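Chemist: Before I ask anything, let me first share the structure, which is written out below as structure tokens.
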Amino acid sequence: MPSDAATTPALSLVIPVYNEEESLPALFEALDKALPTLPQPVEAVLVDDGSRDRSFALLRDAAASRPWLRVVRFRRNFGQTAAIAAGIDLSRGPIIVALDADLQNDPKDIPRLLQKLDEGYEVVSGWRRDRQDKAVTRRLPSVVANWLIGWVTGVRIHDYGCTLKAYRRWVLEPYGLYGEMHRFIPIYASWAGARVTEMEVTHHPRRAGVSKYGLGRVFKVLLDLLTVTFLGGYSTKPIYFFGRPAFALCTVGMLSGAIFVAQFIKEHVMHVPGEWLQPVTLLLLAVFLFSLGVQFLLMGLLGEILIRTYHESQGKKTYLVGERVNFERPAE
Numbered sequence: 022m023p024s025d026a027a028t029t030p031a032l033s034l035v036i037p038v039y040n041e042e043e044s045l046p047a048l049f050e051a052l053d054k055a056l057p058t059l060p061q062p063v064e065a066v067l068v069d070d071g072s073r074d075r076s077f078a079l080l081r082d083a084a085a086s087r088p089w090l091r092v093v094r095f096r097r098n099f100g101q102t103a104a105i106a107a108g109i110d111l112s113r114g115p116i117i118v119a120l121d122a123d124l125q126n127d128p129k130d131i132p133r134l135l136q137k138l139d140e141g142y143e144v145v146s147g148w149r150r151d152r153q154d155k156a157v158t159r160r161l162p163s164v165v166a167n168w169l170i171g172w173v174t175g176v177r178i179h180d181y182g183c184t185l186k187a188y189r190r191w192v193l194e195p196y197g198l199y200g201e202m203h204r205f206i207p208i209y210a211s212w213a214g215a216r217v218t219e220m221e222v223t224h225h226p227r228r229a230g231v232s233k234y235g236l237g238r239v240f241k242v243l244l245d246l247l248t249v250t251f252l253g254g255y256s257t258k259p260i261y262f263f264g265r266p267a268f269a270l271c272t273v274g275m276l277s278g279a280i281f282v283a284q285f286i287k288e289h290v291m292h293v294p295g296e297w298l299q300p301v302t303l304l305l306l307a308v309f310l311f312s313l314g315v316q317f318l319l320m321g322l323l324g325e326i327l328i329r330t331y332h333e334s335q336g337k338k339t340y341l342v343g344e345r346v347n348f349e350r351p352a353e
């Protein structure tokens with residue numbers, strides 16, 4: 022049976038809500054039908070992300086007759102990632118399934134996601150292969166973004182933007198979510214050694230309300246991708262990130278300086294006539310590039326100091342342990 026406040030659920034649904042008063046009645050009806058088919062007990066955590074319509078009133082009324090429905094309300098709009106993060110933090114199940122409130126995701130697909138988890142995966146990502154959205158403003162940018170994310174990170178799935186995903190809780194606990202980074206959870210999980218897969222899911226046209234996302238979101242995703250790439254590859258060794266361009270800039274700067282000195286000696290010491298390669302520009306280029314390289318190197322060193330302060334002040338480890346063997350046995 023669905024979970025009440027005193028029962029630890031086997032499964033938690035996390036659903037962000039923002040100005041969805043027109044979609045919520047249909048969502049409640051769909052959940053009423055879907056929950057009996059899911060592992061029991063089950064809870065649904067719906068997070069109202071500062072809605073300005075009647076969404077919270079509808080959520081509160083629905084929760085009065087549904088003990089398995091838990092509602093969280095933000096003081097203002099913080100964004101989808103913050104809503105999903107709050108839902109994860111306040112949910113209790115060892116397995117978490119996130120989905121949208123507009124019913125473009127179909128709750129009927131949840132049992133299939135859970136079957137994939139049972140095959141040994143830790144993250145199962147939905148793939149909206151037959152996506153029911155506008156081609157130019159939604160689908161085309163998504164295809165480009167998904168390809169770019171897969172190429173940069175090496176974790177290749179077709180649909181990072183699909184909210185419908187199933188997770189084992191341990192995958193989510195080490196990471197804080199910021200910006201639009203909920204879509205990058207499969208990347209974090211894969212880098213941590215989790216098994217990640219995807220499966221095709223049903224995608225419905227939006228039945229009510231309006232979409233909250235447009236082309237402007239693409240730029241946020243690109244910036245978050247840069248952040249994720251840095252944190253994933255260099256979060257414990259930032260000197261490597263800054264050190265490579267530092268050495269490249271210093272090398273080119275010194276080479277420019279060497280060319281300037283060689284030309285000066287040839288012209289003014291050896292009195293050999295010849296064409297100068299813009300001596301003032303060359304000298305300025307040498308000084309600029311070398312100085313820029315030194316700055317990059319210093320930024321890397323400061324990053325090393327900061328990252329050590331971050332880990333040591335909070336007792337954070339720079340690794341994740343997946344399994345322990347024989348640690349429970351006393352020393353002989």
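Residues in the sequence shown are numbered consecutively from 22, following our numbering.
In this text, a Cβ means the ideal position worked out from N, Cα and C, and glycines have one as well.
Predicted model only: the values in this text are computed from it and were never measured.
Using the three-state DSSP reduction, which class does TYR209 fall into: helix, strand or coil?
Modeler: TYR209: helix per DSSP, three-state reduction.
Chemist: Determine the DSSP secondary structure at ARG150, reduced to helix, strand or coil.
Modeler: Coil, per DSSP.
Chemist: Check each candidate in SER112, ALA107 and ALA84 and name the one with the smallest Cα separation from THR28.
Modeler: THR28 has its Cα closest to that of SER112, out of SER112, ALA107 and ALA84.
Chemist: Once DSSP output is grouped into helix, strand and coil, what is the label at TYR188?
Modeler: The answer is strand: DSSP assigns TYR188 an E or B state.
Chemist: Thinking C-alpha only, which one of PHE263, LEU90, PHE251 and GLU201 is nearest LEU48?
Modeler: Residue LEU90 is the option with its Cα nearest to LEU48.
Chemist: Measure the alpha-carbon distance for TYR372 versus PHE251 and round it to whole angstroms.
Modeler: Residue 372 lies beyond the stretch modelled for the chain, which goes from 22 to 353, so this question has no answer here.
Chemist: Look at PHE309 and ALA267 and say whether their C-beta atoms are less than 7 Å apart.
Modeler: Not closer than 7 Å, so no.
Chemist: Measuring straight from C-alpha to C-alpha, what distance separates ILE116 and PRO259?
Modeler: Distance between the alpha carbons of ILE116 and PRO259: 34 Å.
Chemist: In terms of residues, what are the limits of the alpha helix (DSSP H) holding ASP110?
Modeler: 101 to 111 is the span of the alpha helix (DSSP H), which, as asked, contains ASP110.
Chemist: When you compare each of LEU169, GLY147 and LEU32 to CYS183 by their alpha carbons, which one comes out closest?
Modeler: Nearest of LEU169, GLY147 and LEU32 to CYS183, Cα basis: GLY147.
Chemist: Where does LEU185 land, buried or exposed, given buried means 16+ other C-beta within 10 angstroms?
Modeler: LEU185 comes out buried.
Chemist: Among all the DSSP beta bridges, which residues are the ones paired with ILE117?
Modeler: SER33 and TYR188.
Chemist: Should the stretch 69 to 76 be regarded as contacting the stretch 97 to 107, the criterion being three or more beta carbon pairs within less than 8 Å?
Modeler: Yes, the stretch 69 to 76 is in contact with the stretch 97 to 107.
Chemist: What are the uninterrupted segments assigned as beta strand (DSSP E) that are 3 or more residues long and contained completely in the stretch 39 to 92, given in chain order?
Modeler: If we require 3 residues or more, the beta strand (DSSP E) runs fully inside the stretch 39 to 92 come out as 63 to 69.
Chemist: Look at LEU80 and VAL92 and say whether their C-beta atoms are less than 7 Å apart.
Modeler: Yes; because the gap between Cβ atoms is below 7 Å, this pair is in contact.
Chemist: I'd like to know whether the C-beta atoms of ALA104 and VAL68 end up nearer to each other than 7 Å.
Modeler: Closer than 7 Å, so yes.
Chemist: Closer than 6 Å by C-beta to ASP82: which residues in its own chain qualify, once you throw out the five before and the five after it? Chain order, please.
Modeler: Result list for ASP82: empty, nothing under 6 Å.
Chemist: State the Cα-Cα distance for the pair THR223 and ARG133, rounded to the nearest angstrom.
Modeler: Between THR223 and ARG133, the C-alpha separation is close to 11 Å.
Chemist: Using CA coordinates, which residue listed in GLU41, LEU52 and GLU43 is at the minimum distance from LEU34?
Modeler: Of the candidates GLU41, LEU52 and GLU43, the one whose C-alpha sits nearest the C-alpha of LEU34 is LEU52.
Chemist: Is it the case that the Cβ atoms of ARG216 and GLU325 are separated by a distance below 7 Å?
Modeler: No, the Cβ-Cβ distance between ARG216 and GLU325 is not below 7 Å.
Chemist: Once DSSP output is grouped into helix, strand and coil, what is the label at ASN167?
Modeler: Three-state DSSP puts ASN167 in a helix.
Chemist: Going by C-alpha to C-alpha distance, which of ALA65, MET220 and GLY274 sits closest to ALA307?
Modeler: Minimum Cα distance to ALA307 is reached at GLY274.
Chemist: What residue from ARG177, MET220, TRP191 and PRO88 has the CA that sits closest to LEU135's CA?
Modeler: The candidate whose alpha carbon is nearest that of LEU135 is MET220.
Chemist: Cα separation between PRO60 and ALA31?
Modeler: So the two alpha carbons sit approximately 6 Å from each other.
Chemist: For VAL145, name the three-state secondary structure that DSSP assigns.
Modeler: In this structure, VAL145 counts as strand in the three-state DSSP scheme.
Chemist: Quick check on ILE286: buried or exposed, where buried means 16 or more other Cβ atoms within 10 Å of its Cβ?
Modeler: Flag for ILE286 reads exposed.
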